[in-house]
């Protein structure tokens, strides 16, 4: 515990700082206010209770917070904006602290708000610590060519193996780049949605992946904060030069997480 009651929950070498934010919220059963402060100067404050995020009460240095700040209680329609704010305050390669205090606007009801487990599924975050949480090496290996290697190793399989590993819950997907460039699967209408999205948003998607990965270009998989098709989620995975965008049926996000983890050594 540091001065002012703050506690460091993520160091600059942590691979996935946003996981630490969600774990801090998931550990909070009684109603509390959690203020997350980044070494960038940005911060956001959440009222949390019963493993649910009830509301956003303060946000400093992060754009796009208006809809969440204006909500008395966070609902499903706010989850995409909230996820973007969580990713922004928990940017990689920064120190992140949390300060706990009394709730900002009162209210102890825990049947409302956004479940932390839902946010974790959308971000493909394991709420229990895993081997993938191991910090980045403090020192780079002496051999300079090692810098060209990814920050973590995969099993040698490709992006199509990941798609097949997810199983039937991945009802449509397409691949851009790499050996599988142009590969598609699923109903034509869904694939068309995915193609249109990538045509317009490839640059922003790659930027978001780079923000969340240990280094730009590293392999990464996450659920995007977008629902191009009603009732489904969008999964995005990058391996080497291949980018996969797919439609996950219903609550099938855990299947995508399991398939991705199966590719990790």
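Numbering (the numbering used here), first residue to last: -8 to 256. Cβ atoms here follow ideal geometry from the backbone N, Cα and C, with glycine treated the same way. None of these values were measured; they are calculated from a predicted model.
#### Entry: Unbroken beta strand (DSSP E) run spanning residue 80, endpoints
Residue 80 -> not in any beta strand (DSSP E); alpha helix (DSSP H) instead, spanning 70 to 80.
#### Entry: residue 331 (DSSP reduced to helix, strand or coil)
Because the chain here runs from -8 to 256, residue 331 falls outside it and cannot be looked at.
#### Entry: Beta-bridge pairing of residue 176 - partner residues as DSSP gives them
164
### Task
Would you mind giving the Cβ-Cβ distance between residue 166 and residue 254, rounded to the nearest angstrom? I have them listed as a contact below 8 Å.
The Cβ separation is near 15 Å, so there is no contact.
#### Entry: Limits of the alpha helix (DSSP H) - the one that residue 62 falls within
Unbroken run through residue 62: none, as it is neither H nor E.
### Query
DSSP on residue 171, reduced to helix/strand/coil?
coil
### Query
DSSP state of residue 83, grouped into three classes?
coil
### Query
Going by other Cβ atoms of all chains shown within 10 Å of its Cβ, with 16 needed for buried, is residue 230 buried or exposed?
buried
### Exposure label - residue 21; buried when at least 16 CB within 10 Å
exposed
### Task
Using beta-carbon positions only, say whether residue 28 and residue 38 come within less than 7 Å of one another.
no
### Which listed residue (108, 164, 72 and 180) has its alpha carbon closest to that of residue 174
164
#### Entry: Rounded straight-line distance, which links the Cα of residue 55 to that of residue 76
8 Å
#### Entry: Whole-number beta carbon distance between residue 240 and residue 160, since they are thought to touch under 8 Å
5 Å
### Task
Report the three-state DSSP secondary structure of residue 92 (helix, strand or coil).
strand
#### Entry: DSSP three-state assignment for residue 257, whether helix, strand or coil
Not covered by the structure: residue 257. The range shown for the chain is -8 to 256.
### Message
Measuring alpha carbon to alpha carbon, tell me which residue in 53, 232, 110 and 66 is nearest residue 15.
### Response
110
### Query
Can you give the beta carbon distance from residue 250 to residue 115, rounded, assuming they're within the 8 Å contact cut?
No, residue 250 and residue 115 are not in contact; Cβ-Cβ is about 10 Å, not under 8 Å.
#### Entry: residue -2: first and last residue of the uninterrupted beta strand (DSSP E) it sits in
-3 to 1
### Message
Is the separation between the beta-carbon of residue 3 and that of residue 68 shorter than 7 Å?
### Response
no
### Query
In chain order, what residues of the same chain have a beta carbon less than 8 Å from the beta carbon of residue 172, not counting five sequence neighbours either side?
166 and 233
### Task
Starting from residue 226, follow the alpha helix (DSSP H) in both directions and report where the run begins and ends.
Here residue 226 belongs to no alpha helix (DSSP H); instead the beta strand (DSSP E) covers 223 to 230.
### Query
For residue -2, is the classification buried or exposed, using 16 other Cβ atoms within 10 angstroms of its Cβ as the cut-off for buried?
exposed
### Query
Out of curiosity, what's the CA-to-CA distance linking residue 195 and residue 211?
15 Å
### Task
Could you tell me which of 31, 112, 153 and 243 sits nearest to residue 80, measuring between CA atoms?
31
### Query
Using a Cβ-Cβ cut-off of 7 Å (strictly less than) and excluding sequence neighbours within five positions of residue 169, which residues of its own chain qualify?
150, 231, 232 and 233
### Task
Let me know if residue 131 comes out buried or exposed under the rule of 16 or more other beta-carbons within 10 Å of its beta-carbon.
The pLDDT assigned to residue 131 is 43, lower than 50, so where the model puts this residue is not dependable, and the model offers no usable value.
### Query
Mind checking whether residue 73 and residue 104 have CB atoms under 7 Å apart?
no
### Message
Using C-beta distances below 8 Å, list every residue in its chain close to residue 36, excluding the 5 sequence neighbours before and after it, in chain order.
### Response
24, 25, 26, 27, 47, 48, 49, 50 and 95
### Message
Rounded to the nearest angstrom, what separates residue 11 and residue 88 at their Cα positions?
### Response
10 Å
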